[in-house]
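Taking it in order: structure first as structure tokens, then the write-up.
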Amino acid sequence: MKCLLCDRQLMRDTWSSLFTGKQDCVCKSCRASFNKIASSPERRYVKGTELEGALDSIFCFYSYNSSMQNYFQRYKGEGDHILHLVFSKELRLREPCVPIPSYQDSSFKRSFCHVDELFCGNNLLHLLKKTTSIKQSSRNLAQRIQSSNPFELLPGAQVPEKIVLIDDIFTTGVTMNQAAAILKKHGAKQVHGICLVETLEKNDETETRKGIKL
Amino acid sequence: MPYLVIAKKLQNNWIYLAGAAIFGCFSAWNSLFYFLGVIGISLFCNWRVSKTVALLTFAIGVGFYSYSLFRVPEPLEDVSRIQATMTEHMKLDGDRLTAFVLTETGARAFISYKIESEQQVKEFAEQNWTGRKLELEVALPEPRQSSHPFEFSFKTYLFSKGAGGSYEVSSVRVEGEAGGPLWTLRKWMSSLRQHIHEQVVQKVPLSLQDEFLALTIGDRTLADDDSQRLYQKLGISHLFAISGLHVALLTGVIYKILLLLSFRRLHIYVSVLALVPFYMFLAGGAPSIVRASLLIFVATLLVIFKIKIPPSDLLAGVFLLTLLYFPFYLLQPGYQLSFLAVTSFVFSTKLLRHNSFWLSAFFTTVVCQLAVLPVILYHFQQLSIISLPLNVVAIPLFTFVIMPFSFFYTGLALLPFEQLPLISNYGSFRGLIQFLFELSANLPFAVWTPPSTRSIFLITVVFVCVIFYVAEKRVFLALALFLVGCALWQLLPQLNEQAKISFLYVGQGDSTVIEFPYKEQVVVIDTGGVATFSKEPWQKRNGYEVGRSIVTPYLRSKGISTIDVLMLTHADADHTEGAEEVLEEFEVRQLIIPQGILKLEELQDVIEVAKKKEIPVHELIAPLELSSTSMRVVLLPVPGVYQGNDSSIVTVAEVYGTKVVLSGDLEMEGEGKMLRQYGGYLKTSDVIKLGHHGSKTSSTEQWLDTINPEVAIGSAGENNRYGHPHTIILERLKAKDIPYLGTHELGTIELLIDSSGTRTFKTLE
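Chains as they are written, first to last, in the UniProt record's numbering: chain A, 1 to 214; chain B, 1 to 765.
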């Protein structure tokens with residue numbers, strides 16, 4: 001077996017790999033290149049807007065760095081489906097969770113739904129649908145905040161009281177909050193968010209300093 | 001191609017095949033119960049790895065089961081004359097020659113020969129006997145009753161060398177030389193070894209000879225017992241065995257030198273390929289050398305052909321190869337230790353990566369020691385604690401100072417130099433190191449003797465595995481777990497309320513161990529031994545030591561490291577000869593002997609050791625009582641002048657309402673004296689150990705009637721020449737309806753006494 005990310009020969013060289021029989025699908029240096037933080041980032045971009053307080057809590061596993069960028073480039077951009085295995089061991093949650101949907105066409109283009117696959121070991125509850133094809137990454141912060149809510153409830157969906165919302169990347173928190181707001185409108189009492197990566201893009205920071213006073 | 005697919009599936013999984021092979025071999029030799037291990041591993045592979053691997057592990061398990069069954073040596077035939085070829089495994093000890101020979105059918109046999117003349121001893125010592133065809137007059141030795149499972153077992157030793165049995169040789173006649181290229185090579189190698197040996201003995205100071213030979217050509221014939229015991233106690237004896245590190249270092253040095261001489265890398269690799277097997281043969285082919293050389297050989301081949309194989313696969317592959325060549329390696333401690341240590345390194349990459357040199361050196365020794373812990377406990381029943389910090393210093397010292405010097409001076413000794421430069425300076429430097437070693441061996445808590453029995457072996461294996469598993473993420477939790485486990489293990493027998501009196505089978509002789517309830521005290525009465533007769537200097541040999549092969553392993557297996565009282569009933573060799581070894585290897589608080597024997601010649605060796613270790617020696621004049629809360633042991637001296645057997649100290653142990661009388665070698669006269677003096681006290685005991693091994697001169701009607709035991713125990717050697725126990729005594733016991741238990745029939749007998757007073761007799765088969 002070879003490392004999924006760098007193609008180097010994988011070795012069985014830990015006791016856990018001997019006693020459990022299972023091996024990591026990524027070599028040690030690739031694994032170490034990701035920056036594990038386990039944080040609950042605070043974003044104040046949504047303060048003062050109608051989205052404030054929609055999301056009750058948020059938890060992220062990693063912070064964004066160049067190897068994470070490469071990873072997402074290959075996984076999401078080039079559609080290398082097997083890479084969903086890289087983090088699947090860590091992303092095991094106890095409760096059923098609601099993935100943030102992507103626009104149907106882009107899922108179709110990629111041939112898989114990246115958030116669903118990333119959290120593939122979990123009990124997924126599909127409650128939401130995305131109505132626009134515009135990507136958040138193509139917009140700046142002001143645009144993001146001012147945009148109308150792109151999500152709507154799937155017809156006939158039963159919304160439980162406590163919900164775990166999952167996504168791949170957490171930047172400004174607008175997407176998560178928008179989805180949470182929809183769910184809360186339809187009867188959810190608590191919405192907690194879990195993301196793989198937390199990022200704070202530079203241009204967002206400058207934007208916020210220039211535009212909106214925080 | 002299907003085999004390529006299989007190879008791919010097997011990648012990183014060879015280690016499971018190796019595991020299945022181990023269980024396969026043991027299920028063939030020990031019991032089919034071990035085959036559960038094969039099934040377990042293949043089920044595990046089916047569950048966690050893949051179906052192909054699961055099937056292959058099962059196949060390998062079955063394969064090695066049948067292969068090792070096929071390789072089991074045939075028992076030797078009972079003939080009077082055999083034709084055999086001498087191998088290089090020949091050892092001369094005084095006038096005793098022991099060797100492995102190949103019989104005409106190709107079977108290996110162990111021979112033991114008592115040489116008749118000084119002339120012949122010289123012949124054996126000086127000539128190269130490898131590959132000589134011999135005609136031997138032989139007889140099968142009488143089988144010996146085993147004493148207990150922890151003694152040195154000659155049968156297991158022979159089996160682990162692939163020999164079907166042993167012959168006692170009465171005459172040797174040389175018939176000729178074996179031919180063929182293989183024998184020529186073997187002859188040449190052993191004459192080269194002999195040449196190196198002679199040169200070193202000639203030119204190197206005595207104190208350094210053994211070390212030089214051991215480290216360069218794996219020759220341990222000059223090793224003396226004292227220093228070997230010291231190294232074992234310090235846990236550094238592995239440094240004197242040529243190991244993987246050794247071979248790796250040597251090849252590394254050769255590689256660097258050839259590189260400096262601007263050879264092409266490929267040529268260097270090829271020369272390594274040639275040199276490694278040469279060194280393997282030269283160094284005598286001990287299992288650790290075979291392992292290391294093969295590993296380096298295969299690794300070099302892979303480098304040449306640019307094939308990349310994960311280290312665990314390489315290791316497991318080499319393991320399977322060596323097992324195919326000689327499955328009995330699996331039973332040799334050296335092989336077990338060697339592979340376990342390397343395996344632990346391969347799987348501990350996560351644990352060994354530390355920034356600080358000292359921390360990683362420390363973890364390296366900890367990992368290595370933990371991995372070999374089950375094997376060490378199984379074979380030696382004790383663990384050197386001092387070895388942990390000591391190895392951190394000793395390994396680099398040996399690798400980078402002592403070993404290079406040994407090679408350097410041994411190399412010089414082979415050249416025509418009369419005098420080796422500066423060797424006396426090196427000798428005194430080495431002497432200083434030796435002095436420091438001795439100092440650290442005398443530190444308290446240098447050695448831990450856990451109360452282990454062999455069934456605990458499995459628990460240790462699991463325990464160690466758990467620790468390794470935990471240590472991947474939480475090193476300190478693992479260490480804490482380990483310490484707590486050790487503490488529990490140590491304390492458990494101290495909660496045991498049973499009293500135990502063990503009558504050890506020491507051949508013709510006596511040795512009894514009394515363990516108090518809750519292990520409050522340990523009393524050892526007599527230590528067995530073999531009577532020795534004075535000899536010519538050329539006949540002197542280290543020989544078979546009852547103390548070292550039976551008594552000390554037994555004590556250690558019970559977790560005993562301190563003996564409160566060692567009592568010698570009288571001065572005869574069959575009671576006292578082993579005392580020397582017990583005094584040397586255990587912490588003895590006091591030594592008690594009968595009055596008037598301190599100056600006897602038989603006892604001088606023992607007294608000397610006691611003096612050296614500052615153990616107080618007391619002559620027993622009046623009865624002495626050793627007691628704890630629930631048990632009482634009284635030592636009763638025979639009044640009057642010392643008269644040999646008749647002055648044996650009698651021991652009475654009272655515990656939970658049971659009274660046990662141990663009557664030493666007391667004969668008629670002594671029994672009479674005892675009855676007159678202490679008759680009232682000896683009355684109505686429950687168990688007696690018959691006086692003088694059950695000879696007809698002891699155990700008089702009067703003695704037996706007074707003591708009136710329920711059970712009689714006798715300690716005598718199987719088929720001993722004195723005819724002990726005597727039939728008259730056995731009939732006398734029968735008439736009185738007293739059942740008799742003899743160590744010559746049952747081996748070691750343990751008497752367990754519960755707090756309720758229940759007595760249980762146990763043998764240790």
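By construction, the Cβ of each residue, glycine as well, lies at the ideal position given by its N, Cα and C atoms.
From a predicted model like this one, the values you see are computed outputs, not experimental measurements.
Buried versus exposed, by CB contacts within 10 Å (16 or more), residue i
i, result
"Pro-31 of chain B", "The residue asked about is misnamed: residue 31 of chain B is Ser in this sequence, not Pro. Burial call: exposed."
"Thr-156 of chain B", "exposed"
"Asn-13 of chain B", "buried"
"Gln-69 of chain A", "exposed"
"Gly-317 of chain B", "buried"
"Ser-344 of chain B", "buried"
"Gly-500 of chain B", "A quick correction: the sequence has Lys, not Gly, at residue 500 of chain B. Its Cβ being crowded by 16 or more others within 10 Å, Lys-500 of chain B is buried."
"Ser-27 of chain B", "buried"
"Tyr-45 of chain A", "buried"
"Trp-47 of chain B", "exposed"
"Ile-212 of chain A", "The predicted model places Ile-212 of chain A with a pLDDT of 41, which falls under 50 and marks its position as unreliable; any figure quoted below should be read in that light. Burial call: exposed."
"Ile-621 of chain B", "exposed"
"residue 262 of chain A", "Here chain A comprises residues numbered 1 to 214, so residue 262 of chain A is not present and cannot be evaluated."
"Tyr-16 of chain B", "buried"
"Tyr-71 of chain A", "buried"
Length of the line joining the Cα atoms of residue i and residue j
i, j, result
"Met-1 of chain A", "Leu-315 of chain B", "18 Å"
"Glu-545 of chain B", "Val-582 of chain B", "11 Å"
"Asp-204 of chain A", "Thr-20 of chain A", "With a pLDDT of 48 at Asp-204 of chain A, under the threshold of 50, the predicted position of this residue should be treated as unreliable, though the coordinate-derived value follows. Taking the straight line from one Cα to the other gives about 44 Å."
"Ala-413 of chain B", "Leu-294 of chain B", "29 Å"
"Tyr-469 of chain B", "Gln-202 of chain B", "52 Å"
"Asp-168 of chain A", "Ala-54 of chain A", "19 Å"
"Tyr-3 of chain B", "Leu-10 of chain B", "10 Å"
"Arg-92 of chain A", "Ile-194 of chain A", "11 Å"
"Cys-120 of chain A", "Ala-241 of chain B", "54 Å"
"Glu-137 of chain B", "Gly-723 of chain B", "29 Å"
"Ile-402 of chain B", "Ser-190 of chain B", "25 Å"
"Val-290 of chain B", "Phe-281 of chain B", "9 Å"
"Asp-78 of chain B", "Arg-144 of chain B", "17 Å"
"His-192 of chain A", "Ser-39 of chain A", "14 Å"
"Leu-598 of chain B", "Ser-663 of chain B", "21 Å"
"Glu-671 of chain B", "Thr-87 of chain B", "55 Å"
"Tyr-269 of chain B", "Leu-239 of chain B", "27 Å"
"Glu-207 of chain A", "Val-86 of chain A", "Per-residue confidence for Glu-207 of chain A stands at a pLDDT of 43, beneath the threshold of 50, marking its modelled position as unreliable; the derived number appears in the next sentence. Spanning the two alpha carbons is a distance of roughly 33 Å."
"Arg-209 of chain A", "Leu-141 of chain A", "Note on Arg-209 of chain A: pLDDT 40, under 50, position unreliable in the model; the coordinate value appears next. Rounded to whole angstroms, Arg-209 of chain A to Leu-141 of chain A spans 11 Å at the Cα level."
Bridge-paired residues (DSSP) for residue i
i, result
"Ile-82 of chain A", "According to DSSP, Ile-82 of chain A bridges with nothing at all."
"residue 773 of chain B", "The structure shown has nothing for residue 773 of chain B, since chain B only spans 1 to 765."
"Val-661 of chain B", "B:Val-652, B:Ile-688"
"Phe-476 of chain B", "Partner(s): none; Phe-476 of chain B has no beta bridge."
"Glu-135 of chain B", "B:Gln-83, B:Arg-173"
"Glu-152 of chain A", "A:Lys-129"
"Val-253 of chain B", "DSSP, once it has assigned bridges, lists no residue as partnering Val-253 of chain B."
"Asn-425 of chain B", "DSSP, once it has assigned bridges, lists no residue as partnering Asn-425 of chain B."
"Gly-714 of chain B", "B:Gly-742"
Within the chosen definition, does the stretch 153-161 of chain A reach the stretch 124-133 of chain A through at least 3 CB pairs nearer than 8 Å? The answer is yes - the stretch 124-133 of chain A touches the stretch 153-161 of chain A, with three or more Cβ pairs under 8 Å.
Using a Cβ distance threshold of 8 Å, determine whether the stretch 423-436 of chain B contacts the stretch 468-488 of chain B, with at least three qualifying pairs required. No contact exists between the stretch 423-436 of chain B and the stretch 468-488 of chain B.
So, do the stretch 381-399 of chain B and the stretch 427-443 of chain B have three or more beta carbon pairs nearer to each other than 8 Å? Counting C-beta pairs with one atom in each stretch, the stretch 381-399 of chain B and the stretch 427-443 of chain B have three or more that are closer than 8 Å, which means they touch.
Would you check if the stretch 108-126 of chain B and the stretch 178-190 of chain B touch, i.e. whether three or more CB-CB distances between them fall below 8 Å? By the C-beta criterion, the stretch 178-190 of chain B is judged not to be in contact with the stretch 108-126 of chain B, since fewer than 3 inter-stretch pairs fall below 8 Å.
On the three-pair Cβ rule with 8 Å, is the stretch 223-234 of chain B touching the stretch 319-331 of chain B? These segments do not touch.
List in chain order: all unbroken beta strand (DSSP E) runs of 3+ residues lying wholly within the stretch 279-341 of chain B. Correct list: empty.
Quick one: which unbroken alpha helix (DSSP H) runs of 4-plus residues sit fully inside the stretch 169-223 of chain B? Chain order, please. Listed in chain order, they are 181-203, 206-217.
Does the stretch 619-629 of chain B touch the stretch 513-529 of chain B, meaning 3 or more C-beta pairs lie closer than 8 Å? Flag = yes, the stretch 513-529 of chain B and the stretch 619-629 of chain B touch.
What residue ranges within the stretch 49-99 of chain B form continuous beta strand (DSSP E) runs of no fewer than 3 residues, ordered along the chain? Taking 3 residues as the shortest admissible run, the stretch 49-99 of chain B contains the following complete beta strand (DSSP E) segments, listed from N- to C-terminal end: 81-93.
For the UniProt domain "Phosphoribosyltransferase" (161-205) of chain A, list the beta strand (DSSP E) runs that are entirely contained and at least 3 residues long, ordered along the chain. Under the rule that a run must span 3 or more residues, the beta strand (DSSP E) segments found entirely inside the UniProt domain "Phosphoribosyltransferase" (161-205) of chain A read 162-170, 190-198.
Inter-stretch contact (C-beta, 8 Å, three-pair minimum) for the stretch 555-575 of chain B and the stretch 634-651 of chain B: Touching, yes.
Taking only beta carbons into account, state which residues of the stretch 20-54 of chain A come closer than 9 Å to chain E, listed in chain order. Protein chains in the displayed structure are A and B, and chain E is not among them.
Which ranges would you report for the alpha helix (DSSP H) in the stretch 721-753 of chain B if only whole runs of at least 4 residues count? The stretch 721-753 of chain B contains these whole alpha helix (DSSP H) runs: 727-735, 743-746.
So, does the stretch 57-71 of chain A touch the stretch 85-99 of chain B, judging by three or more C-beta pairs under 8 Å? No, the stretch 57-71 of chain A does not touch the stretch 85-99 of chain B.
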